[in-house]
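Encoded as structure tokens, the structure appears first; notes follow it.
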Amino acid sequence: MSDLSQPQFTLEYLSALSAAGIHPATLVDVLSEFESELHIETNTRPSAPELFSAFFTIYLLSLILEHDLNEARFLLQRIPQTRQKDPQIETATKLVKALYTRSYPEIYATLALPEWSAAAIPLVNRVEQDFKKSTFSLLSKAYTTITPGSVNLYLGLDTPEEETIKNLVSEGWSYDAERKLLKPSVKYNSGVSRVGQMDDRIERLTSLVTHLADV
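Here this note's numbering is used: the first residue of the sequence shown is 251, the next is one more, and so on.
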């Protein structure tokens with residue numbers, strides 16, 4: 251792997267950065283330092299189009315991981331029009347818009363598109379897992395009951411509803427077969443233990459989402 255402590259503005263470095271599992275805030279800081287240099291590189295090097303595509307895609311994905319969609323939208327506005335037709339940048343743009351409007355089917359469909367380059371794939375995978383985890387956590391707090399089909403929709407799962415029910419029930423959820431509704435089993439209680447209960451619940455839900463995604 252490239253030495254990330256001595257950054258050089260190359261496609262190889264961007265690929266290593268994407269695959270390193272670095273905290274998104276750190277990724278954003280590093281990439282922001284490169285933005286002005288990018289415009290020089292794209293005018294002087296034959297690999298500039300590929301470098302440009304990888305840089306802005308990885309930058310956008312890092313901002314998404316940092317849950318900063320507003321800055322991602324501002325970054326889209328800074329991409330020159332001559333570069334906006336790049337297939338990968340178009341795909342990243344589509345993802346930002348789908349996330350901003352919370353269009354769940356569009357989000358998962360875009361994440362699965364083939365336009366993502368090898369350099370971007372590690373971050374694409376991180377974005378998908380992070381989005382599923384945060385969505386599952388949100389659903390557990392926003393709904394007292396929810397249909398299995400809705401769970402599949404919000405989490406981008408293509409498993410049969412019966413399999414979704416089985417996995418959720420195994421984690422302590424209940425299922426009302428007559429009403430065909432799932433119900434989260436853990437409720438937040440008032441008092442000093444509430445924070446700990448929330449942490450435990452989110453940890454369990456995170457593990458469950460990972461399991462469901464692998465089914």
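Even glycine gets a Cβ: it sits at the ideal position worked out from N, Cα and C.
Quiz item: K382: buried (16+ other C-beta within 10 angstroms of its C-beta) or exposed?
Solution: By one-based count along the sequence shown, residue 382 stands at place 132. Counting Cβ neighbours within 10 Å, K382 comes out buried, since at least 16 surround it.
Practice problem: Would you list the one or two residues that DSSP bridges to Y354? | Solution: Within the sequence shown, residue 354 is the residue found at index 104, counting from 1. The partner list for Y354 (beta bridge, DSSP) is empty, contrary to what the question assumes.
Quiz item: Beta carbon of T395, beta carbon of K433: below 7 Å?
Solution: Residue 395 sits at position 145 when you count from the first residue of the sequence shown. Residue 433 sits at position 183 when you count from the first residue of the sequence shown. Yes.
Practice problem: Please say whether S303 and V278 have beta carbons closer to each other than 7 Å? | Solution: Residue mapping note: residue 278 aligns to position 28 of the sequence shown, counting from 1. Residue mapping note: residue 303 aligns to position 53 of the sequence shown, counting from 1. The answer is no: Cβ separation not under 7 Å.
Quiz prompt | Endpoints, the beta strand (DSSP E) within which S424 is located | solution = As a first step, residue 424 is located in the sequence shown; it is residue number 174 there, counting from the start. Where S424 is concerned, the enclosing beta strand (DSSP E) stretches over S424 to D426.
Self-check item: Terminal residues of the beta strand (DSSP E) in which L432 lies
Solution: Here residue 432 is taken as the residue at index 182 of the sequence shown, counted from 1. Residues L431 to K433.
Quiz item: Whose CA, out of A342, Q338 and P330, lies closest to the CA of A322?
Solution: The count along the sequence shown starts at 1 and reaches residue 322 at position 72. It is A342 whose Cα lies nearest to the Cα of A322.
Exercise. Rounded to whole angstroms, what's the CA-CA distance from P355 to L407? Just pull it up for me.
Key: The residue you call residue 355 lines up with position 105 of the sequence shown. The residue you call residue 407 lines up with position 157 of the sequence shown. Going by the C-alpha atoms only, they are around 10 Å apart.
Self-check item: Buried/exposed call for P410, threshold 16 Cβ in 10 Å
Solution: One-based indexing of the sequence shown puts residue 410 at position 160. Counting Cβ neighbours within 10 Å, P410 comes out exposed, since fewer than 16 surround it.
Self-check item: Expected contact under 8 Å - CB spacing of L315 and V346 to nearest Å
Solution: Residue mapping note: residue 315 aligns to position 65 of the sequence shown, counting from 1. Residue mapping note: residue 346 aligns to position 96 of the sequence shown, counting from 1. Not confirmed; about 12 Å, so no contact.
Quiz prompt | Burial state of T351, where buried means 16 or more other Cβ atoms lie within 10 Å | solution = Position 101 of the sequence shown holds residue 351. By the neighbour-count rule (16 or more Cβ atoms within 10 Å), T351 is not buried but exposed.
Quiz item: Under a three-way DSSP split, which group does I314 fall into?
Solution: As a working note, residue 314 is residue 64 in the sequence shown. Helix at I314.
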